[in-house]
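A short write-up of the structure that comes next.
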Amino acid sequence: MEKKITAAITGVGGYVPDYILDNDELSRMVDTSDEWIMSRIGIKTRHILKGDGIGTSYMGIRAVRELLEKTDTDPMEVDLVICATVTPDMFFPSTANLISYKCGIMNAFTFDLSAACSGFLFALQTGAKYIEGGLKKVVVVGADKMSSIVNYDDRATAPIFGDGAGAVLLEPNTEGLGVLDADLHSDGGGFIHLHMKAGGSAYPPSKETLRRGWHTIYQEGQPVFKAAVSRMADVSTEIMRRNHLTADDIRYLVPHQANKRIIDATAKRMGLPADKCMVNIERYANTTAATLPLCLWDYESRLKKGDNLVFAAFGGGFTWGAMYLKWAYDGNIPDKCGEPEDIPLSNNVNNVKL
Ligand code: COA
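Residues in the sequence shown are numbered from 0 upward in steps of one, following numbering that gives the first Met the number 0.
Take a look at the structure:
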């Protein structure tokens, strides 16, 4: 009998910009404090991408270049690139398109996926289905330049977000490793509490939309917090139940990094101790679609083949979900990847400034 094909993660790349905005600097920009941010959210620093004309693809390109180098992957062999983002460089072409071009990925089809903070999880499941359907190499990117849509005069949202990108390679596996189950959800009614109103087709940019501040994130913290806590915990425990997983079976929870209190509440409902929970919110803040791959990037060296991971995410939409994945390789990799080398590009893509 033919063995079932699953989609295994076979490598991880990541990138965060050099500039670090810490709570003390933020406290000089807006009425807040390190003490408040640490106790209510759990963030100390966030990385910010500076420079005119530099968008989300700049970070995605660097994450994908590192991924291709680490996995020794020929860019021409990649079949598909999906980029989860809510901060694309531009409406079109897609950010995935720009990333692929600059990475020499010229034989793939590429598209963006919009599901806010659940974007990477939704993209990972989408990529997994393409692998199960016969594709051989799928790159899934989560990347967001949240600083481009944060109102730094609004103390309720300014501390929360940061910029970053992460990427994984998916390849077919017949040993029962990789994506084994996912439980994904959306509720469009949540848009009332969390959205960016203008810039799209409903409210194209105008003097009025600028005056009203509709080009930055609007968030009602409390209802979003409550929904995130209950839905992330519900969906994570459901994925445990239907895959007969106990807390002992799980090596790591890989949770979206929106608020340390939300992460702790999810881990608690799952019965997991703190050392089984990937946490890097203190350094990167909420990088939206990039939080999950950046967790893998940071913890890759500690992962072993066969480890059971449960991913959990919640975000704007509302969107939320959980995934059960068996890790496919031993992380014999330096504990924390440094800045990626500037990898030479194929000649035909070298001259584009991205
Ligand atoms: N610094 C200092 N005080 C602040 C502040 C800041 N940055 N932001 C808000 N406050 C104040 C408020 O004005 C309020 O003051 P008041 O009591 O005098 O009115 C008080 O702190 C409590 O505000 P509240 O909004 O109730 O705080 P909170 O404990 O709910 O924390 C969030 C706010 C945004 C951190 C929290 O609601 C949250 O994390 N929500 C979910 C965010 C999320 O997950 N978003 C992304 C989805 S992926």
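For glycine and all other residues, C-beta sits at the position ideal for the given N, C-alpha and C.
Can you name, in chain order, every residue of its own chain whose Cβ lies under 6 Å from the Cβ of residue 192, other than the five neighbours on each side?
-> 219, 222 and 223
Do you know how far the Cα of residue 158 is from the Cα of residue 173?
-> 44 Å
Collapsed DSSP secondary structure at residue 82 in the structure displayed | strand
Give the DSSP-derived three-state secondary structure of residue 320 in the structure shown.
-> strand
Using 6 Å as the cut-off, classify the Cβ of residue 256 as near or not near the heavy atoms of the ligand COA, replying yes or no.
-> no
Does the Cβ of residue 221 lie closer than 6 Å to at least one heavy atom of the ligand COA?
-> yes
Can you tell me whether DSSP reads residue 371 as helix, strand or coil?
-> No answer is possible for residue 371: the residues shown for the chain start at 0 and end at 353.
Is the beta carbon of residue 154 within less than 6 Å of some heavy atom of the ligand COA?
-> yes
Cα separation between residue 57 and residue 180?
-> 32 Å
Candidates 301, 88 and 234: which alpha carbon is nearest residue 52's?
-> 88
Nearest-angstrom Cα distance between residue 243 and residue 83?
-> 30 Å
Just to confirm, does residue 116 get its C-beta within under 6 Å of one of the non-hydrogen atoms of the ligand COA?
-> yes
Quick check: the region 298–306 against the region 110–120, are there 3 or more CB pairs under 8 Å?
-> no
Cβ contact (3+ pairs, closer than 8 Å) linking the region 134–154 and the region 24–31 = yes
Any non-hydrogen atom of the ligand COA within 6 Å of residue 158 CB | yes
Would you kindly report the start and end of the unbroken beta strand (DSSP E) that includes residue 308?
-> 307–314
Can residue 107 and residue 79 be called in contact, C-beta distance under 7 Å?
-> yes
Give the range of the beta strand (DSSP E) segment to which residue 108 is assigned.
-> 108–112
At what residues does the beta strand (DSSP E) containing residue 172 begin and finish?
-> 162–172
Please confirm whether any heavy atom of the ligand COA lies closer than 6 Å to the CB of residue 282.
-> no
By DSSP, does residue 143 sit in helix, in strand, or in coil?
-> strand
Assuming residue 66 contacts residue 127 (C-beta within less than 8 Å), just tell me the rounded distance between them.
-> Contact doesn't hold; Cβ gap of about 17 Å is too wide.
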